[in-house]
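Add 210 to the 1-based position in the sequence shown for this note's numbering, that's all there is to it. Cβ coordinates follow ideal geometry from the N, Cα and C atoms, glycine included. Treat the numbers as computed from the prediction; the structure is a model and nothing was measured.
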Amino acid sequence: MTDARRVVAAVVAAASIAFLLLHLAPGDPITAMADMARIPPNLRSAWRAEHGFDQPLLVQYGRWMAHMATLDFGFA
Numbered sequence: 211m212t213d214a215r216r217v218v219a220a221v222v223a224a225a226s227i228a229f230l231l232l233h234l235a236p237g238d239p240i241t242a243m244a245d246m247a248r249i250p251p252n253l254r255s256a257w258r259a260e261h262g263f264d265q266p267l268l269v270q271y272g273r274w275m276a277h278m279a280t281l282d283f284g285f286a
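Pasting the structure below:
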């Protein structure tokens, strides 16, 4: 295995571990960014759907890796 392949494999492994650790944490980013007691449930559901948190984990992983491959790390 060439050095470049090892680097790519290490980056993919690290990204996969980071993704899994983020999903093992309780809650989701929608819950973390807003006071859920004041936000109606239908709006929370709409936000989760808009950001893809209602999708299966494998779909979320694929989208996340595609964004990482294009260096799209989200918004600040």
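Which two residues bound the contiguous alpha helix (DSSP H) that contains residue i?
i: G272; result: L267 to A279
i: A223; result: D213 to L234
i: R248; result: No alpha helix (DSSP H) contains R248, which DSSP labels as neither H nor E.
If I'm right that residue i touches residue j with Cβ under 8 Å, what's the distance once you round it to whole angstroms?
i: D238; j: R216; result: In fact, because the Cβ distance is near 33 Å, the residues do not count as touching under 8 Å.
With a threshold of 6 Å on Cβ separation, who are the neighbours of residue i within its own chain once the five nearest residues in sequence on each side are excluded?
i: P251; result: none
Beta-carbon of residue i versus every beta-carbon of chain B: anything under 9 Å?
i: H233; result: Considering every chain present, this structure includes no chain B. It has just one protein chain.
Check whether the Cβ atoms of residue i and residue j lie closer than 9 Å to each other.
i: H233; j: L268; result: no
i: M278; j: A242; result: no
Using C-beta distances below 8 Å, list every residue in its chain close to residue i, excluding the 5 sequence neighbours before and after it, in chain order.
i: I240; result: R254, W257, R258, H261 and F263
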